[in-house]
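The numbering of the sequence shown is this note's numbering, which starts it at 54 and goes up by one.
Input: a single structure, listed below in structure tokens.
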Amino acid sequence: MSAHHVVLPEYEMGGCLAHLGTGRMIDYIRFEDDFAKVKTLAPRDIVDQTLAESDVRKKHEITVVGIKRRGEEFTYAAQDTVVRAGDLLIVSGRINDVEAFANRT
54 MSAHHVVLPE YEMGGCLAHL GTGRMIDYIR FEDDFAKVKT LAPRDIVDQT
104 LAESDVRKKH EITVVGIKRR GEEFTYAAQD TVVRAGDLLI VSGRINDVEA
154 FANRT
């Protein structure tokens with residue numbers, strides 16, 4: 054029997070905890086090929102704008118996948134979604150890009 058993928062849970066968890074230790078990311082999932090999904094608070098400079106107006110995809114090279122508002126259900130993000138103060142954003146993209154975006158909160 055040959056192994057095609059080795060799982061090192063301590064290594065994987067250590068990397069995840071290192072990212073969460075900054076306090077700006079609430080949750081962090083790293084995938085292969087330099088890709089991650091992050092849950093973070095909305096940065097102040099995009100609050101009260103639609104995702105299209107803030108142009109986060111082009112400016113920060115990330116995609117806002119969804120938004121969770123206090124007292125409301127999770128919703129998928131669209132270009133006309135308005136970001137509000139206190140929104141939790143689910144963001145995906147290259148690791149350095151999602152980390153840089155999360156550090157703006």
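Ideal Cβ placement from N, Cα and C applies to all residues, glycine included.
How would you write the range of the alpha helix (DSSP H) that residue i sits in, first residue to last?
i, result
"Val109", "Val109 to His113"
"Val151", "Ile148 to Ala155"
What's the C-alpha gap between residue i and residue j?
i, j, result
"Asn156", "Ala95", "10 Å"
"Ser107", "Ile143", "16 Å"
"Thr148", "Phe127", "The amino acid occupying residue 148 in the given sequence is Ile; Thr does not appear at that position. Their Cα atoms are separated by approximately 23 Å."
"His113", "Asp150", "7 Å"
"Asp80", "Lys92", "5 Å"
"Val118", "Gly146", "10 Å"
For the beta strand (DSSP E) that contains residue i, what are its first and last residues?
i, result
"Thr93", "Phe88 to Leu94"
Are the region 128-140 and the region 97-107 touching by the rule of at least three beta carbon pairs closer than 8 Å? yes
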